[in-house]
Amino acid sequence: MQKLTRALRNSYNVAVIAVVLALLLTQILWQVHKLTIYPLFLAAVMVSSWYGGFKPGLLATVLSTFICTYFFLPPISSLAINANTLVGLVQFLLVSLLICVLNSMLRSAQNQAQINALQAQQNYERLRTSQENLRASEERYRFFIEGVREYAIFMVDVNGCVTDWNKGAERILGYQEAEIIGQHFSCIFIPEDIERGRPESALNTAATNGMSKDNRWHLRSDGTRFWANGVIIPLKDETQNGRLHGFAKILQDLTERKRAEEEREQLLLREQAARASAEAANRSKDDFLAIVSHELRTPMTSIVGWAGMLQTGMLDEERTTEALEALERNANLQLQLIEDLLDISRIVRGEISLSKENVDLVAVINGAIQTVQPVIDAKSIQLEFVLDTSQSDIWGDFERLQQVVCNLLSNAIKFTPNNGRVEIRLSNTTTHSQIQVSDTGIGISPEFLPYIFERFRQADNTSTRSNRGLGLGLAIARHIVELHGGIIEALSLGIGRGATFTIKLPFKTDSETKDTQSNASRIQPAMPVEDALPTDNSLRLDGLSVLVVDDEADTRQWISVVLTQCGASVFTVGETRKALEALEEIRPDVLISDIGMPGEDGYALMRKIRELEPDMGGRIPAVALTGYARVEDYKEAMDAGFQLHVAKPIRATELIAVVASLGQLSGKLLGV
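Counting in this note's numbering, the sequence shown runs without a single skipped number right up to 756 at its last residue.
This is how it looks when you write it as structure tokens:
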């Protein structure tokens, strides 16, 4: 503002100075020669209007008019104007005003030209800057697009043909830019999507909605598929109608993420299945424990009841005989249950071993039939045995194979109604022997058939089931058959249509025979006492001294009564320390010792005895009578120094036979 005020003041000063100079020059020239007075003042007006504009020029015009009128027009030194000078003065004013206007217009035109030139320069600079920025932006965009390798970014025209291709697209899709430009972008879609019109549909969706998103399989140049997240964006100008120029497609390869998600999903499904299986197994075990409790308590009720009545003398002779038969029957039932449980325990620990030999399957089947014959007769079941005698010998464990056949026959009889039919068939092929047990019983439901050989699983485990038992026989049978290298299968057409169980046992090989014989020479499992020793109720033990070591008083008393009735002298103690004292005092001929006892067990007792001198009882024949019936228990007993290992419970005749055998070893019994 101050600069503008100063410029205006200077322009008016110039006007005044120009008029004063014109006055002085005119005065000088006027004295020399009376010239026309107006030219110099017109020059002053011209200078003032050119320098300062219209207003300074107008000021110079006014001042010049007054000065000319006063100094040079007659009457001199007067402002009076006569008619003769008025024309010249008016002409001066008009010319001066014209000069002012023209100079003002010229000045304005020059200023406008300068402004226009400045604006043009500024516009040029802005345009150049904008072009530079646009070029830099395009370069940055291209560098960015080319540098992005995690995404496939490419452009297509309105028809879907590729027009631009970045490095990420080359890496992900496998096409080089030179070979893909001009091709239709549908080449990256899998054939199934092309048949469904997915490429065209994606472009139409993007053009209509402004964007198209999808997650689907795409195709690489080598034909491999990959899972990608894709986006298609329409490229439109900024006009009112937004004319479409093409599309930009962006792809991200998510194959690894997809596989990880699928693996997590599969893992989750497996975990859920495993959890469901574990929960089902836990329920099965709970149900099984409830069944075990029921099956053990049921015969125990009869045992306790009849034993109480015998103890109080409430029964006559006939009822006493009936009670004793019931006691023996229920005790044997409990023994069978316990044996099944022990077998399952051995299976779980992998401790079932086989004593293999040449086995006649006909003898195996006949022995099993004899075992179940009383039940067959009681239910009036028709049993048929169809035999193929071409070859019936295999290499196996006779007792275990008979156990398998007994289990299958027992199941068939149990689930077959009275007057039903059971068939057992033995046949042979070139590679194996086959045993089939078929019945006309209740059959097996298709839902339960796949689980028929599993432990702790029963088709009916409710409290209303009609058949007793733990349901372990088939699981034990399968394990024994598999130990023989065979397979066992079950077939049933459904409920009420019977069932067929098939056992396939391979024939023996020379290498198997040699290996088994070699192993048998190193490890001999405990043999049933009734098979190894004579059982004769007439055996006498007269003159034989027996020391019994057991922490259970009832067991000691029972053994003492059994052996005393046979003529033996029996001494009983309940712990290891007292056993060593009795051994030193009475020098017994035979030792019967339990294994599991408080303080020191039977193994420790036997080791201490074997450290004694022979005349102090260090070589006394001994039997381990114990509830520990595993193979490793047998081996440990033999290693400790026992001659025999017998599992509880034991019958009286078996006990007498065992003691008689040990008496022979001691030399006290001869010819027994």
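In this text, a Cβ means the ideal position worked out from N, Cα and C, and glycines have one as well.
Where Tyr712 falls, given that 16 or more other Cβ within 10 Å makes a residue buried: Residue environment analysis places Tyr712 among the buried positions, since at least 16 neighbouring C-beta atoms fall within 10 angstroms of its C-beta.
Extent of the continuous beta strand (DSSP E) run through Met239: It spans Tyr235 to Val240 - the beta strand (DSSP E) in which Met239 sits, taken as one unbroken run.
Touch test, the region 123–142 against the region 174–187, Cβ-Cβ under 8 Å, three pairs minimum: Contact between the region 123–142 and the region 174–187 is present, because at least three Cβ pairs lie under 8 Å.
Span separating the alpha-carbon of Ile643 from that of Ile478: In this structure, the alpha-carbon of Ile643 lies about 41 Å from that of Ile478.
DSSP three-state assignment for Thr584, whether helix, strand or coil: It is a strand residue.
Residues that Asp685 bridges to, as DSSP identifies them: According to DSSP, residue pairing for Asp685 in a beta bridge does not occur.
Pro283 classed as buried or exposed, judged by whether at least 16 other C-beta atoms fall within 10 angstroms: Buried: at least 16 other Cβ atoms inside 10 Å.
DSSP state of Thr289 mapped onto helix, strand, coil: In this structure, Thr289 counts as helix in the three-state DSSP scheme.
Residues near Thr339 in its chain [Cβ-Cβ closer than 7 Å; skip 5 each side]: Taken in chain order, the residues that qualify are Phe310 and Trp311.
Through-space distance from Gln454 to Ala415, alpha-carbon basis: Going by the C-alpha atoms only, they are around 20 Å apart.
Check whether Val632 and Thr656 have beta carbons under 8 Å apart: Their beta carbons are under 8 Å apart, which means Val632 touches Thr656 by this criterion.
Residues near Leu257 by beta carbon distance below 7 Å, same chain, minus five either side: Taking Leu257 as the centre and dropping the five residues before and after it, the same chain places the C-beta of Ala236, Ile272, Arg304 and Ser305 closer than 7 Å to its C-beta, in chain order.
Coil, strand or helix - Lys692 by DSSP: Correct three-state label for Lys692: helix.
Nearest candidate by alpha-carbon position, reference Ile317, set Gly307, Ile334 and Thr308: Comparing alpha-carbon positions, the option among Gly307, Ile334 and Thr308 lying closest to Ile317 turns out to be Ile334.
Rounded distance between the beta-carbons of Ile571 and Ala561, thought under 8 Å: About 11 Å separates the two Cβ atoms, so there is no contact after all.
Buried or exposed by the 16-neighbour rule on C-beta atoms within 10 Å, applied to Val131: Around the beta-carbon of Val131, 16 or more other beta-carbon atoms lie within 10 Å, marking it buried.
Outcome for Phe238 when other beta-carbon atoms lying within 10 angstroms are tallied against a minimum of 16: Counting Cβ neighbours within 10 Å, Phe238 comes out buried, since at least 16 surround it.
Straight-line gap, Leu399 to Ile449 (C-alpha atoms, nearest Å): C-alpha separation (whole angstroms): 41 Å.
Cutoff 6 Å; reference Leu696; Cβ partners in own chain excluding five residues on either side: Around Leu696: Gly702.
Cβ-Cβ distance between Thr524 and Gly582 below 8 Å: Result yes, Cβ atoms of Thr524 and Gly582 sit closer than 8 Å.
Start-to-end residues for the alpha helix (DSSP H) that takes in Lys320: No alpha helix (DSSP H) contains Lys320, which is instead part of the beta strand (DSSP E) from Arg309 to Lys320.
Ala708 - partner residues in DSSP beta bridges: In DSSP, Ala708 forms a bridge with Ser677 and His729.
Sufficient close CB pairs (3 or more, under 8 Å) joining the region 340–355 to the region 247–264: At 8 Å Cβ cutoff, the stretches do not touch.
Beta-carbon proximity list for Val240, same chain, < 7 Å, skipping 5 on both sides: So the qualifying residues of the chain are Val246, Thr247, Phe269, Gly330, Phe331 and Lys333.
Euclidean distance between Cα positions of Leu170 and Ala99: Computed Cα separation, rounded: 24 Å.
Closest by C-alpha distance to Phe176, when choosing among Asn200, Ile199 and Thr149: Sorting Asn200, Ile199 and Thr149 by C-alpha distance to the C-alpha of Phe176 places Thr149 at the top.
As assigned by DSSP and simplified to three states, the class of Pro590: Strand, per DSSP.
Distance, Gln111 Cα to Gly172 Cα: Taking the straight line joining both Cα atoms gives about 19 Å.
Bridge partner(s) assigned by DSSP for Arg471: Here the sequence assigns Leu to residue 471, which means Arg is not the residue at that position. Partner(s): Leu510.
Proximal residues to Ala106 (C-beta, below 6 Å), its chain only, five neighbours per side dropped: Leu124, Phe125 and Ala128, listed in sequence order.
Sheet register partners of Trp301 (DSSP bridge): Trp301 is bridged to Trp311.
Identity of the residue in Thr385, Asp635 and Thr404 nearest Leu394 by Cα: Selected option, being the one with the closest Cα: Thr404.
Residue environment, Ala362, which counts as buried when at least 16 other CB atoms sit within 10 Å: Residue burial annotation: Ala362 is exposed, with fewer than 16 other C-beta atoms found within 10 angstroms of its C-beta.
Cα-Cα separation between Phe155 and Arg90, rounded to whole angstroms: Spanning the two alpha carbons is a distance of roughly 32 Å.
Rounded distance between the beta-carbons of Asp673 and Gly630, thought under 8 Å: Correcting the residue identity first, residue 630 is Val in this sequence and not Gly. Cβ-Cβ separation between Val630 and Asp673: approximately 7 Å, consistent with a contact (criterion under 8 Å).
Ile272, DSSP secondary structure in three states: When DSSP states are grouped into helix, strand and coil, Ile272 belongs to the helix group.
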